[in-house]
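What follows is a short report on a single structure.
Okay, structure coming up:
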């Protein structure tokens, strides 16, 4: 057993980097977390071998896009193919972000716009820490300040295997 | 909408810190990620107001324990109550870890033993980066180097609402 797999399944996200045109890229990433409420800070670990690493380093921005299971084929291409040539294969639409130049993805359930405030090398990855400067989301996927359990948020189980959440909501016996 | 909620549901874990006896603590944490494959490095964001923060700072060790839905009441207590008095309310059994002194939890599906190699303050939390030095896991929850989708791994939807994964596994159309 590889130790990191003990934390799986983990949510899978799409990381958009660069600039519309020849210099845009989309990568799938499981290694994403929240770091702070106020200000809202998030982080994503990216291998230095990824084109995304070059683009985030160059522009100091990225978008975390939230895919549903409906985007599974796109997530797979984004996660397994390399460089800008894969962009043509993706069935996604880039749209303007609100506060940063790196674009968002129309089909995603949410797009979180981040400006890099720190980056640290840990082992074989770089952890890009970003302050959330703006965001967009689909009202049908999130309601009353929380995600809907019916939104089919995508999670990565292992290799080519993905899962979604059950719609049943559990609550502790004493709340 | 608070931006960080757009990344939810996130997996919920238990963070064990300190030393058996008066100085052990267990906290629920959603803000956990993998940072590197080789070496295996993980990170967890902890508020400085938490007793866990003091204990990790003091001993430079922590265990990430993986709860199933069966431990939901314990996760809730660990996440909402404070300080060592809550430990008596938990229906968990501490057991020796393999490589560090901070104990593991018998009932958890896995226990990941971490030594702190870095800590950074981001906004209102401290991100404790740990190298995984050893781990234990239940063979019925993980098999063939991957998690079983039937293991009822716990995820946090919002506030007092939790979800688990559907057992159905999805694969991309071209793999």
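Protein chains in written order, with this note's numbering: chain A, 1 to 175; chain B, 1001 to 1175. Cβ atoms here follow ideal geometry from the backbone N, Cα and C, with glycine treated the same way.
N-terminal and C-terminal residue of the beta strand (DSSP E) that residue i is part of
| i | result |
| --- | --- |
| residue 1161(B) | 1161 to 1163 |
| residue 1046(B) | 1041 to 1046 |
Endpoints, alpha helix (DSSP H) assigned at residue i
| i | result |
| --- | --- |
| residue 1075(B) | 1072 to 1080 |
| residue 58(A) | 51 to 59 |
Opposing strand residues paired with residue i [DSSP bridges]
| i | result |
| --- | --- |
| residue 156(A) | 10(A) and 162(A) |
| residue 29(A) | 13(A) |
| residue 18(A) | 24(A) |
| residue 146(A) | 143(A) |
| residue 1034(B) | 1042(B) |
| residue 1062(B) | 1114(B) |
Proximity test, Cβ basis, 8 Å: residue i and chain E
| i | result |
| --- | --- |
| residue 1164(B) | Absence of chain E from the displayed structure is noted, the protein chains being A and B. |
beta-carbon residue i near the ligand GDP non-hydrogen atom, thresh 7 Å
| i | result |
| --- | --- |
| residue 1124(B) | As far as ligands go, the structure on display features none, and thus does not contain the ligand GDP. |
Exercise. Counting pairs of Cβ atoms below 8 Å between the segment 1047 to 1064 of chain B and the segment 1120 to 1128 of chain B, do you hit three or more?
Worked result: With the cut-off at 8 Å, the segment 1047 to 1064 of chain B and the segment 1120 to 1128 of chain B touch.
Under 8 Å, CB to CB, which of the residues in the segment 1008 to 1028 of chain B have a partner in chain A? If the cut-off is 8 Å between Cβ atoms, the segment 1008 to 1028 of chain B has 1008, 1009, 1010, 1011 and 1013 near chain A.
ask   = Looking at chain B, which residues of the segment 127 to 151 of chain A have a Cβ within less than 7 Å of any of its Cβ atoms?
value = Cβ contacts with chain B come from 127, 129, 132, 135, 137, 142, 145, 146, 147 and 149.
Check your understanding: In chain order, which continuous runs of the beta strand (DSSP E) of length 3 or greater are located wholly inside the segment 65 to 142 of chain A?
Key -> Correct list: 110 to 122 and 125 to 137.
Determine which residues of the segment 1058 to 1072 of chain B have a Cβ less than 8 Å from any Cβ of chain A, and write them out in chain order.
The residues in question are 1064, 1066, 1069 and 1072.
Listed in chain order, which residues of the segment 1031 to 1042 of chain B have Cβ atoms closer than 8 Å to some Cβ of chain A?
Among the residues of the segment 1031 to 1042 of chain B, those with a Cβ less than 8 Å away from any Cβ of chain A are 1031, 1032, 1033, 1034, 1035, 1036, 1037, 1038, 1039, 1040, 1041 and 1042, in the order of the chain.
I'd like to know if the segment 1102 to 1117 of chain B and the segment 1064 to 1072 of chain B are in contact, where contact means that at least 3 CB-CB pairs between them fall below 8 Å. Flag = yes, the segment 1102 to 1117 of chain B and the segment 1064 to 1072 of chain B touch.
- Task: Could you list the residues in the segment 76 to 92 of chain A with a C-beta less than 7 Å from some C-beta on chain B, going in chain order?
- Result: Listed in sequence order: 76.
* So does the segment 138 to 151 of chain A actually touch the segment 1141 to 1154 of chain B, counting three or more Cβ pairs closer than 8 Å? -> The answer is no - the segment 1141 to 1154 of chain B does not touch the segment 138 to 151 of chain A, with fewer than three Cβ pairs under 8 Å.
*asked:* Measuring CB atoms only, is the segment 127 to 136 of chain A touching the segment 32 to 46 of chain A, in the sense that at least three cross pairs come out at less than 8 Å?
replied: Contact between the segment 127 to 136 of chain A and the segment 32 to 46 of chain A is present, because at least three Cβ pairs lie under 8 Å.
**Prompt:** Is the segment 1157 to 1174 of chain B close to the segment 161 to 170 of chain A, with three or more CB pairs under 8 Å?
**Reply:** With three or more CB-CB distances shorter than 8 Å, the segment 1157 to 1174 of chain B counts as touching the segment 161 to 170 of chain A.
Quiz item: Does the segment 1052 to 1059 of chain B come close enough to the segment 17 to 30 of chain A that 3 or more CB-CB pairs lie under 8 Å?
Solution: In this structure the segment 17 to 30 of chain A does not touch the segment 1052 to 1059 of chain B; the number of beta carbon pairs closer than 8 Å is below three.
Practice item. Report the residues of the segment 1092 to 1105 of chain B with a CB closer than 9 Å to any CB of chain A, ordered along the chain. Key: The residues in question: there are none.
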